[in-house]
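In this note's numbering, the protein residues as written are 82 to 231.
Using N, Cα and C, we set each Cβ at its ideal position, and we do this for glycine too.
Values in this document were obtained by computation on a predicted structure and should not be read as measured data.
Here the structure comes first, spelled out in structure tokens, and everything after it is commentary.
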Amino acid sequence: MQHRTTYIPRFRISLVRETRGTYTEQKLSSSADADRLLRPMLQDLDREHFIVIGLDAKNAVIGMNTVSIGSLTLAIVHPREVYKPLILMNAAGFICAHNHPSGDHTPSSEDRQLTTRLKQAADILGIRMLDHVIIGESGHYSFADNGCLS
């Protein structure tokens with residue numbers, strides 16, 4: 082029997098810092114803190130943007146990533162795309178957020194289903210999911226503040 086040599090490709094994955102932000106708060110300790118950070122980026126967009134904020138063990142922001150840019154009424158988000166940047170930035174926890182271009186920050190049934198899936202994956206991966214915040218015109222909705230992440 083003759084053995085063939087098969088070459089298996091090796092990959093190296095790295096995280097590349099694109100720009101430095103101007104956020105000066107040390108920690109995100111509430112949904113209001115997340116709103117203050119994200120509202121300037123999300124409030125006037127014409128499509129849904131889904132963002133993940135990586136946090137260290139003390140809830141200080143260590144990085145942000147735009148996971149998905151969707152349409153007027155939805156952004157397609159898969160848990161693996163949420164967790165990939167979090168793992169690469171070595172995040173201990175995270176807050177995810179998205180905007181509703183309609184201005185109404187009420188969560189849809191899809192928002193609720195996604196939050197449940199992300200929380201289940203967070204528990205498996207050992208990365209704390211602190212909140213999922215929806216930014217609307219006149220306020221925000223926090224899944225944590227409404228008891229949906231316990």
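For A156, the secondary structure class from DSSP, reduced to helix, strand or coil, is coil. The Cβ-Cβ distance between I216 and L109 does not fall below 8 Å. Proximity to P182 across P166, L167, E162, A156 peaks at A156, based on C-alpha coordinates. Ranked by Cα distance from F131, the first of R91, D114, M145, A138 is M145.
Rounded to the nearest whole angstrom, the CA to CA distance from D125 to P90 is 44 Å.
By the criterion of at least three beta-carbon pairs nearer than 8 Å, the segment 186-194 is not in contact with the segment 138-153. D212 carries a strand assignment under DSSP once its states are collapsed to helix, strand and coil. When DSSP states are grouped into helix, strand and coil, Y88 belongs to the coil group. For A203 and K139, the gap between their C-alpha atoms comes out near 17 Å. Residue pairing by DSSP places L136 opposite V142, G174 in a beta bridge.
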